[in-house]
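Under UniProt numbering, think of the first position of the sequence shown as 1, with each following residue one higher.
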Amino acid sequence: MPPPTMEQQPTPPTAPEAAPVHRPPPRNVPTLTEMVAADAERHSAQADAAPASPPAPATLPDASDLLALLGPDLDRQISEAIGRVLHEQLLGLNGRVQKAVAEVVREAVATAHTRGAHVSDVGKNP
Numbered sequence: 001m002p003p004p005t006m007e008q009q010p011t012p013p014t015a016p017e018a019a020p021v022h023r024p025p026p027r028n029v030p031t032l033t034e035m036v037a038a039d040a041e042r043h044s045a046q047a048d049a050a051p052a053s054p055p056a057p058a059t060l061p062d063a064s065d066l067l068a069l070l071g072p073d074l075d076r077q078i079s080e081a082i083g084r085v086l087h088e089q090l091l092g093l094n095g096r097v098q099k100a101v102a103e104v105v106r107e108a109v110a111t112a113h114t115r116g117a118h119v120s121d122v123g124k125n126p
């Protein structure tokens, strides 16, 4: 079947036809005004039957006690971590410094060589 031409296509609906039709909600979907007693009773019974959360430890260690226990080992671990990071950074910095110094030396040698080409007598000041 060929596609419809402009004359055969239906016209868009007018405003009264385009208004949505209000339908009642489906019967199996509760509305805000309905009370679902069976569900509420079942949930409260399950909540009562559920065991309480495990009891909290009798005493939590004090912050100063915890620091006294972890202090020396924690200090060592922090120092090692900082040392590793600084070592990695210095290795990268060393490479960048060497490249920068080499570039400056190359430029200085090239400049001196260019100036030397213009001066015929090495003993004279430019």
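Ideal placement from N, C-alpha and C gives every residue a C-beta, glycine not left out. Remember, predicted model here, so these are calculated numbers, not experimental data.
Is the beta carbon of residue j closer than 9 Å to that of residue i?
{"i": "L74", "j": "P61", "result": "no"}
Note down the Cα distance separating residue i from residue j, rounded to an integer number of angstroms.
{"i": "E80", "j": "H87", "result": "10 Å"}
{"i": "K99", "j": "I78", "result": "32 Å"}
{"i": "V109", "j": "G116", "result": "10 Å"}
{"i": "G95", "j": "A112", "result": "26 Å"}
{"i": "L93", "j": "G83", "result": "15 Å"}
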